[in-house]
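Residue numbers (this note's numbering): 1253 to 1637.
What follows is the structure, given as C-alpha cells:
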C-alpha cells in the first residue's frame, strides 16, 4: 500500500533550500521519481477559451499554461477562503462563491450600518479587491471574461476589511478561525471550512514590530485544523517580517515580481517564501470584474491592478489544485512543495540589494503538479526531508 507523502525539513525558506540540496544529493532525479510513483495517463492538452486569456500573462509566467498542455484541464472543488473586502455576485464564480460572514465589528467603518453579521457583502470602492482575488483563484472557464487557476474551486467570501480596505486585528483573527471551521463566539457555524485561506490585505497601519500575538494564535489554530494561510507580503518596499500577517510563522508569504524582478513597491525579506507575478504601476495584472469604481454592480469588464495582493491568490489557486490531487497533504507539506518547486532566481536574484530577498523563486505550478503526481509513493528516507 502506498505510504503517505512526508516532506520534512528545517523550517523557513533557508531550511527548505537546504532540504532541496539534500534531495539533490540523494539523486532524486525525475527519472528516479517516475520509478517510485505511478504518474497519471497522458491527458489531452487543454486551452481555456476565455477572451482575457491572452492578457493573463501570469498564467504563462507561473507554468499554468504548460500544466494545461501537459496534464489537460485541471480543476478540483477544494474550498478556498478569501478574507478580504467581502462577497461579490461575480458571474465568473456563479454557483461556487459562498456568502460567508462579515467580521467588520465597527458599524461606522463597515459602510452597511451594521457590525458583525451573516452577510459578507462587500461595500464601497474597494469591493472589487476581493472579486479580483477570487477570480484569479477560481474564475470559470466558460468562454467569458478571465480564466481562473482552479475553475472548480469553491470560494468562501469572508469580510474582514471595511469600506476603506482597513482591518482590525481582532476581526482578522476571528475571521481566520471561522474560515477554517473553528467556532467563534457570537457567529453562526461555518459549514464550508476552507483548506486554503487567502489573506491579501495591506498591513501598513499595524505596528511595525512583527507578527501580532493575536494573529499568531489564530494562524496556529487554523494550521492545526488543516488550513494553509497564504498571505501577500505587502506593498511598502520594506521587510515583510516586521508586518502582520506577513511576518507570522506558519503562513506562506508571497511577494511580487514583474518581468523577473522585484518591483519597487513589493515587500521583501526572510519571511517571504516565494514570489508570483504582481504587475507594475504601469502594467497591472488583468482580471474581469462586474463592479464599478464605486463598488456597484455593472457589466463584466476588464480591470488592471498591481500589488502583492494579486500574487498571493496565484499561490492559493495552485495549492487548491495540489489538494485536489492529494487531499491528505498538510499545510506544511503544501508549503514545502510550492517552495521546493519554485523556479529559482537567476544571477543576482530578484533585486540588486542582497537584503531584499524574495524567497526561493517564482511560483511554478506545472512543476508543483508534476511533483505531486509523481510522488504517489515516497522514497524510504522521505521522513528526513
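Glycine residues also receive a C-beta, built at the ideal position from the N, C-alpha and C atoms.
The model shown is predicted, which means the values in this text are computed figures rather than measured ones.
Quick one: measure Cβ to Cβ for residue 1506 and residue 1485, integer angstroms, because I've assumed they're closer than 8 angstroms.
-> With 8 angstroms as the limit, residue 1506 and residue 1485 qualify as a contact, their Cβ atoms being about 6 angstroms apart.
Could you check the C-alpha separation between residue 1320 and residue 1562 for me, to the nearest Å?
-> Going from the Cα of residue 1320 to the Cα of residue 1562 covers about 21 angstroms.
Residue 1556 (DSSP reduced to helix, strand or coil) = Residue 1556 falls in the strand class under three-state DSSP.
Could you give the DSSP three-state label for residue 1448: helix, strand or coil?
-> It is a strand residue.
Three-state class that DSSP yields for residue 1200 in the structure shown | With the chain represented from 1253 up to 1637, any question about residue 1200 goes unanswered, as that position is not in the structure.
At 4 residues or longer, and completely inside the segment 1531-1581: list those alpha helix (DSSP H) runs for me, N to C.
-> List check, alpha helix (DSSP H) in window: 1564-1577.
Reference residue 1530, options 1379, 1567, 1437, 1498, closest by Cα = Looking at the Cα atoms, 1567 is the closest of the given residues.
Following the continuous alpha helix (DSSP H) through residue 1492, name the residue where it begins and the one where it ends.
-> It is not in any alpha helix (DSSP H) - residue 1492 carries neither H nor E in the DSSP assignment.
Please state if the CB of residue 1564 and the CB of residue 1593 are separated by a distance shorter than 8 angstroms.
-> Their beta carbons are not under 8 angstroms apart, which means residue 1593 does not touch residue 1564 by this criterion.
At which residues does the alpha helix (DSSP H) containing residue 1589 begin and terminate?
-> Start and end: 1583-1592.
In this structure, what does DSSP give as the bridge partners for residue 1351?
-> According to DSSP, residue pairing for residue 1351 in a beta bridge involves 1409.
Please confirm if the segment 1337-1351 is in contact with the segment 1403-1410, defined as three or more CB-CB distances below 8 angstroms between the two stretches.
-> Look at the beta carbons and you see the segment 1337-1351 touching the segment 1403-1410: at least three pairs across the two are nearer than 8 angstroms.
Thinking C-alpha only, which one of 1498, 1424, 1476 is nearest residue 1483?
-> Shortest Cα-Cα distance from residue 1483 to any of 1498, 1424, 1476 involves 1498.
Should residue 1477 and residue 1432 be called a contact, given that it needs their Cβ atoms to be closer than 8 angstroms?
-> Yes. Within cutoff.
Would you call the segment 1410-1420 and the segment 1372-1381 in contact, with 3 or more CB pairs under 8 angstroms?
-> Counting C-beta pairs closer than 8 angstroms gives three or more between the segment 1410-1420 and the segment 1372-1381, which meets the contact rule.
Please say whether residue 1399 and residue 1322 have beta carbons closer to each other than 8 angstroms?
-> Not a contact, by the Cβ cut-off of 8 angstroms.
Express the C-alpha separation of residue 1452 and residue 1355 in angstroms, rounding to a whole number.
-> So the alpha carbons of these two residues sit roughly 16 angstroms apart.
Please say whether residue 1331 and residue 1444 have beta carbons closer to each other than 8 angstroms?
-> Taking the C-beta atoms as reference points, residue 1331 is found nearer than 8 angstroms to residue 1444.
Residue 1335 (DSSP reduced to helix, strand or coil) | Looking at residue 1335 - three-state DSSP - the assignment turns out to be strand.
Backbone secondary structure at residue 1427 - three-state DSSP = When DSSP states are grouped into helix, strand and coil, residue 1427 belongs to the helix group.
Inter-residue spacing [alpha-carbon to alpha-carbon] between residue 1604 and residue 1436 = Near 45 angstroms, if we compare the C-alpha coordinates of residue 1436 and residue 1604.
Counted within 10 angstroms of its Cβ, other Cβ atoms place residue 1549 as buried (16 or more) or exposed | That one is exposed.
My understanding is that residue 1479 touches residue 1583, with C-beta atoms under 8 angstroms, so please give their C-beta distance in whole angstroms.
-> Residue 1479 to residue 1583, Cβ: 7 angstroms. Contact.
Whose CA, out of 1296, 1301, 1541, 1328, lies closest to the CA of residue 1573?
-> The candidate whose alpha carbon is nearest that of residue 1573 is 1328.
Who pairs with residue 1509 in a beta bridge, going by DSSP?
-> According to DSSP, residue 1509 bridges with 1529.
Between the CA atoms of residue 1334 and residue 1386 - distance to the nearest angstrom | Going by the C-alpha atoms only, they are around 7 angstroms apart.
Anyone know if the C-beta pair for residue 1536 and residue 1494 falls short of 8 angstroms?
-> Contact annotation: residue 1536 and residue 1494 have beta-carbon atoms that are not nearer than 8 angstroms.
Does the distance from the C-beta atom of residue 1314 to that of residue 1614 stay below 8 angstroms?
-> Yes, they are a contact pair.
Determine the burial state of residue 1430: buried for a count of at least 16 other Cβ atoms within 10 Å of its Cβ, exposed for fewer.
-> So residue 1430 counts as buried.
Taking Cβ to Cβ, would you say residue 1376 is nearer than 8 angstroms to residue 1420?
-> Cβ distance not < 8 angstroms, so residue 1376 and residue 1420 don't count as in contact.
How about residue 1382 and residue 1337: do their beta carbons lie closer than 8 angstroms?
-> Result yes, Cβ atoms of residue 1382 and residue 1337 sit closer than 8 angstroms.
Residue 1484 - containing beta strand (DSSP E), residue span | In the DSSP annotation of this structure, the continuous segment of the beta strand (DSSP E) that includes residue 1484 starts and ends at 1480-1484.
Spatial neighbours of residue 1616 in its chain, beta-carbon cut-off 8 angstroms, leaving aside the 5 residues before and after | Once the five neighbours on either side are set aside, the close Cβ partners of residue 1616 are 1314, 1315, 1593, 1594, 1595.
Skipping 5 residues on each side, what residues in its chain have a beta carbon closer than 8 angstroms to that of residue 1379?
-> So the list reads 1337, 1338, 1340, 1543, 1547, once near-sequence residues are dropped.
Which residues bound the alpha helix (DSSP H) around residue 1382?
-> Under the DSSP assignment, residue 1382 falls in the alpha helix (DSSP H) whose first and last residues are 1379-1390.
Nearest to residue 1300 by CA position, among 1359, 1346, 1362, 1390, is which residue?
-> Nearest of 1359, 1346, 1362, 1390 to residue 1300, Cα basis: 1390.
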